[in-house]
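**Q** Which chain is which? The protein sequence lines are S and E, in order.
Numbers 126 to 372, taken from our numbering, label the letters of the first sequence in order.
Numbers 126 to 372, taken from our numbering, label the letters of the second sequence in order.
Just so it is clear, CB atoms sit at the ideal spot from N, CA and C, and this is done for glycine as well.
Number of protein chains: 2
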Amino acid sequence: MPREKFTQIYATLKERIESGVYPVGQLLPSENTLIGEFSCSRNTVRRAISELVRDGYVQTSQGKGVCNIFQPIERSSYTMGTIESFRETARRTGQHTATRVVSLERCVAGVNISLQTGFPVGTELFSLSRVHEMDGKPIILNHSYLRVDCMPDLTEEIAQGSLYRYLEEELGMVIVTSKRTITVEPVTGADRKWLDLGEYNCVAVVSNQVYNSQGVMFEYTQSRHVPSIFRFQDNAVRRAGARNSLV
Amino acid sequence: MPREKFTQIYATLKERIESGVYPVGQLLPSENTLIGEFSCSRNTVRRAISELVRDGYVQTSQGKGVCNIFQPIERSSYTMGTIESFRETARRTGQHTATRVVSLERCVAGVNISLQTGFPVGTELFSLSRVHEMDGKPIILNHSYLRVDCMPDLTEEIAQGSLYRYLEEELGMVIVTSKRTITVEPVTGADRKWLDLGEYNCVAVVSNQVYNSQGVMFEYTQSRHVPSIFRFQDNAVRRAGARNSLV
DNA sequence: ATACACCACTTGTTTAAACAAGTCAATCTG
DNA sequence: CAGATTGACTTGTTTAAACAAGTGGTGTAT
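(1) If we count the other Cβ atoms within 10 Å of its Cβ and call it buried at 16 or more, is E/Thr302 buried or exposed?
(2) Can you list, in chain order, the residues of its chain whose CB lies under 6 Å from that of E/Gln285, leaving out five sequence neighbours each side?
(3) Identify which residue in S/Ser239, S/Val246, S/Ser175, S/Glu143 has its Cα closest to the Cα of S/Phe195.
(4) So S/Glu249 and S/Asp274 are supposed to be a Cβ contact under 8 Å. How far apart are they, rounded?
(5) Leaving aside the five residues before and after S/Ser239 along the sequence, list all residues of the same chain whose C-beta is less than 7 Å from its C-beta, in chain order.
(6) List the residues of chain S whose Cβ lies closer than 9 Å to the Cβ of E/Phe355, in chain order.
(7) Is E/Val301 close to the ligand SAH? I mean its beta-carbon at under 8 Å from any heavy atom of the ligand.
(8) Compare the C-beta of E/Val328 against all C-beta atoms of chain S and say whether one is closer than 9 Å.
(9) Let me know if S/Glu209 comes out buried or exposed under the rule of 16 or more other beta-carbons within 10 Å of its beta-carbon.
(10) So, does the CB of E/Gln339 fall closer than 9 Å to a CB anywhere in chain S?
(11) How about S/Glu258: is its C-beta nearer than 9 Å to some C-beta of chain E?
(12) If you draw a straight line from the alpha carbon of E/Val351 to that of S/Lys262, how long is it in whole angstroms?
(13) In the DSSP assignment, find the unbroken alpha helix (DSSP H) run with E/Leu279 in it and report its ends.
(14) Does the beta carbon of S/Thr137 come closer than 9 Å to any beta carbon on chain E?
(15) By the DSSP assignment, the beta strand (DSSP E) with S/Asn224 in it spans what residues?
(16) Between the region 324-335 of chain E and the region 138-157 of chain E, do three or more beta carbon pairs fall short of 8 Å?
(17) Is there a Cβ of chain S sitting closer than 9 Å to that of E/Met342, yes or no?
(18) E/Gly243 versus chain S: which residues are under 9 Å apart at the beta carbon?
(19) Apart from the five residues just before and just after E/Asp260, which ones in its own chain have a Cβ nearer than 6 Å to its Cβ?
(20) According to DSSP, is E/Gly314 helix, strand or coil?
(21) State the CB to CB distance for the pair S/Leu153 and S/Asn193, rounded to an integer number of angstroms; the pair is presumed to be in contact (CB under 8 Å).
(22) Using DSSP with H/G/I as helix, E/B as strand and the rest coil, what is S/Cys275?
(23) So if DSSP puts E/Val183 in a beta bridge, which residue, or which two residues, is it bridged to?
(24) Would you report the Cα separation of S/Val362 and E/Gly145, rounded to the nearest angstrom?
(25) Could you compute how far the alpha carbon of S/Cys165 sits from the alpha carbon of S/Ile174?
(26) Can the beta-carbon of E/Arg179 be found closer than 9 Å to that of S/Thr306?
(27) Roughly how many angstroms separate the alpha carbons of S/Glu176 and S/Leu288, rounded to a whole number?
(28) Interface residues of chain E around S/Lys130 at Cβ under 8 Å?
(29) Within the 9 Å Cβ cut-off, does E/Ser252 reach chain S?
(30) For S/Asn237, return the contacting residues in chain E, with the cut-off set at a CB-CB distance below 9 Å.
(31) Check the Cβ of E/Gln362 against every Cβ in chain S and list those closer than 9 Å, keeping chain order.
(32) If the cut-off is 7 Å on Cβ atoms, which residues from the region 178-196 of chain S count as contacting chain E, listed in chain order?
(33) Checking 9 Å against the spacing of the C-beta atoms, do S/Gly243 and S/Tyr147 come in under that value?
(34) To the nearest angstrom, report how far apart E/Ile265 and S/Thr280 are at their CA atoms.
(35) Beta-carbon within less than 6 Å of S/Leu292's beta-carbon, same chain only, minus the 5 sequence neighbours each way: which residues are those?
(36) Can you pull the chain E neighbours of S/Glu324, defined as C-beta to C-beta under 8 Å?
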């Protein structure tokens, strides 16, 4: 249970939107009304609403109000993005997941690795390859580089479980930001070997640079997804100054 | 030139980060210092910083400060996402773009179209197919459904130019929110016919639901991209309550 | 009847202040 | 010397107030 007021208001409004208490296409109660209901300041209500805007639940327009634009997401296959992650999808749909460690080695970042990952040349790294399975089918081939000095005691056993639970709960690391790039690339021999690709001759590739609270990038991961189960959802809000982000 | 203070501060800080005035990996001046420099309130500085966080330029941590985590983006090929759009990329790299209208028809949303797009059954729609070319090469096949009642006078000539300039400047429509889904799908006959796909047997598909300030979805577009030039960038920030969005 | 001014409402921006909470180093205490 | 305490910093949350700006209806004057 989050204790910040704006998070509670956000969760309450979100729940009402999802369950249809506020009709789709209509205006939510005005900020003043919500202030009365939640007995808080206008800023706090506005903060909750602005997060709903970011998540694509509502839309504001000056002079009119806050409009409910909720549409339930399609619940087929694996959905990533701002919405939910690998393990969460599996838990929700009751599917079984497993992770297999293909290899775990140590190396030092050379020029090539540095260019690909963004680690400085000379950084000591773990090179970790894993396969994620869902319901027995291999669907993601992960290749990670991890800073040794952030997790000196990494073992295959740890890598087989949840790396993030280890980093957060065991090492007390706080993960903050993650920069992602999505591309589509031709399959490699490793893809063919570890994934069940059928006729596809490309994979969906998500490259991830993950930062901890120190501001140091401690992980670079390239996730190669079987196309048939890959889905990424996103929400773009038109900003004041910039006329971009829409084709 | 945007006139809001927080936008100016945001732009100033962003420019300093990109040009290296603030060293990467180090802390920015504290909020109090910036208040002095920009002679504004703390809230205004904080708003500018929070947008830099959202865009992946900096990272905050309580008790320590604001850390610069900027990394220049790779400037190869077509980059979309929160960063920049089709035409902007072309303008920046000096490439030439063109749009060809393949077909423009009117139709009414049946059950299938409604399920795919989210338009209510019975909505009168334009069905528009276009090909985007960059430097003479066809790289995106667009198929759009557009509400007739939002743009009754749409013609092939208009569709050949920038649809958004027409909607915004001619019709005074304000575009606010866009919900996107990225998937990878097998090529169709139309893909093969209109795009230069080479060996690839799949395309990167971006499905877009676009809303205006009335809260009505007026456009659904499916953009089918040649894989070799497709790139989507994103930035995920770990939020307080939710332990998701990272695999 | 049309056009205009006005008013009551909405969201958007900015300021000021207070307190909570995390970090880090210097200092005090055992 | 080791450990705890303090204090000066940082960012995080919340409140209150004022004004700007956009929307839509009402009423008046033409």
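**A** On the basis of the data shown:
(1) Working through the second sequence from its first residue, we reach residue 302 of chain E at position 177. Buried.
(2) Residue 285 of chain E sits at position 160 when you count from the first residue of the second sequence. Within the same chain, and ignoring the five residues on either side of E/Gln285 in sequence, the residues whose Cβ sits closer than 6 Å to its Cβ are Thr224, Val226.
(3) By one-based count along the first sequence, residue 195 of chain S stands at place 70. Of S/Ser239, S/Val246, S/Ser175, S/Glu143, the residue nearest in Cα terms is S/Glu143.
(4) Numbered from its first residue, the first sequence carries residue 249 of chain S at position 124. Numbered from its first residue, the first sequence carries residue 274 of chain S at position 149. About 7 Å separates the two Cβ atoms, so the contact holds.
(5) Here residue 239 of chain S refers to the residue found at position 114 when the first sequence is read from its first residue. Correct list, in chain order: Pro245, Val246.
(6) Sequence index remark: in the second sequence, residue 355 of chain E carries index 230 (1-based). Simply Ile307, Thr308, Val309.
(7) This structure lacks the ligand SAH; in fact it carries no ligand of any kind.
(8) Here the question's residue 328 of chain E lines up with position 203 in the second sequence. Output row for E/Val328: interface = yes.
(9) Looking up residue 209 of chain S in the first sequence gives position 84. Because S/Glu209 carries a pLDDT of 46, less than 50, the predicted location of this residue cannot be relied on, and the following value inherits that uncertainty. It counts as buried.
(10) Numbered from 1 along the second sequence, position 214 holds the residue referred to as residue 339 of chain E. At least one chain S Cβ lies under 9 Å of E/Gln339.
(11) As a working mapping, residue 258 of chain S is identified with position 133 in the first sequence. Chain E, which has no Cβ nearer than 9 Å to the Cβ of S/Glu258, makes this no.
(12) As a working note, residue 351 of chain E is residue 226 in the second sequence. As a working note, residue 262 of chain S is residue 137 in the first sequence. A direct Cα-to-Cα measurement between E/Val351 and S/Lys262 gives close to 28 Å.
(13) Walking along the second sequence from the start, residue 279 of chain E turns up at place 154. Counting along the chain, E/Leu279 falls outside any alpha helix (DSSP H), and DSSP gives it neither H nor E.
(14) As a working note, residue 137 of chain S is residue 12 in the first sequence. Taking Cβ atoms only, chain E never reaches closer than 9 Å to S/Thr137, which makes this a no.
(15) Residue 224 of chain S sits at position 99 when you count from the first residue of the first sequence. Note that residue 224 of chain S is Thr in the sequence shown, not Asn. For S/Thr224, the enclosing beta strand (DSSP E) covers residues 222-233.
(16) At 8 Å Cβ cutoff, the stretches do not touch.
(17) For the purposes of this step, residue 342 of chain E is identified with residue 217 of the second sequence, where counting begins at 1. True, the Cβ-Cβ gap to chain S drops below 9 Å.
(18) Locating residue 243 of chain E in the second sequence gives position 118, where the first residue counts as 1. Those are Gln196, listed as they occur along chain S.
(19) Numbered from its first residue, the second sequence carries residue 260 of chain E at position 135. The residues are Gln220, His221.
(20) Position 189 of the second sequence, counting from 1, holds the residue named residue 314 of chain E. Residue state, collapsed to three classes: helix.
(21) Translated into the one-based positions of the first sequence, residue 153 of chain S becomes position 28. Translated into the one-based positions of the first sequence, residue 193 of chain S becomes position 68. Right, the Cβ-Cβ distance comes to about 6 Å (below 8 Å), so this counts as a contact.
(22) To locate residue 275 of chain S, count along the first sequence from 1; it is residue 150. In this structure, S/Cys275 counts as helix in the three-state DSSP scheme.
(23) To locate residue 183 of chain E, count along the second sequence from 1; it is residue 58. According to DSSP, which records beta bridges pairwise, E/Val183 is partnered with E/Asn193.
(24) Here residue 362 of chain S is taken as the residue at index 237 of the first sequence, counted from 1. Here residue 145 of chain E is taken as the residue at index 20 of the second sequence, counted from 1. Each residue's Cα considered, the two are about 28 Å apart.
(25) In the first sequence, counting from the first residue as 1, residue 165 of chain S sits at position 40. In the first sequence, counting from the first residue as 1, residue 174 of chain S sits at position 49. Roughly 13 Å between the two C-alpha positions.
(26) Working through the second sequence from its first residue, we reach residue 179 of chain E at position 54. Working through the first sequence from its first residue, we reach residue 306 of chain S at position 181. S/Thr306 is positioned such that its CB atom lies no closer than 9 Å to that of E/Arg179.
(27) Here the question's residue 176 of chain S lines up with position 51 in the first sequence. Here the question's residue 288 of chain S lines up with position 163 in the first sequence. The alpha-carbon atoms of S/Glu176 and S/Leu288 are separated by roughly 28 Å.
(28) What you label residue 130 of chain S is simply residue 5 of the first sequence in a count that begins at 1. Within chain E, no residue comes near S/Lys130; the closest Cβ sits about 12 Å away, beyond 8 Å.
(29) By one-based count along the second sequence, residue 252 of chain E stands at place 127. No, its Cβ sits nowhere closer than 9 Å to a Cβ of chain S.
(30) One-based indexing of the first sequence puts residue 237 of chain S at position 112. Chain E residues near S/Asn237: none, gap ~15 Å exceeds 9 Å.
(31) Taking the second sequence and counting its residues from 1, one reaches residue 362 of chain E at position 237. Note that residue 362 of chain E is Val in the sequence shown, not Gln. Result: Val301, Thr302, Ser303.
(32) Here the close residues are Gly181, Gln184, Ser186, Cys192, Ile194, Gln196.
(33) Here residue 243 of chain S refers to the residue found at position 118 of the first sequence. Here residue 147 of chain S refers to the residue found at position 22 of the first sequence. No, the pair does not count as a contact, with Cβ atoms beyond the cut-off.
(34) Start at 1 with the first residue of the second sequence, and residue 265 of chain E comes out as number 140. Start at 1 with the first residue of the first sequence, and residue 280 of chain S comes out as number 155. Near 45 Å, if we compare the C-alpha coordinates of S/Thr280 and E/Ile265.
(35) Looking up residue 292 of chain S in the first sequence gives position 167. Same-chain partners within the cutoff: Met298.
(36) Within the first sequence, numbered from 1, the residue matching residue 324 of chain S stands at position 199. The contacting residues are Pro311, Asn326.
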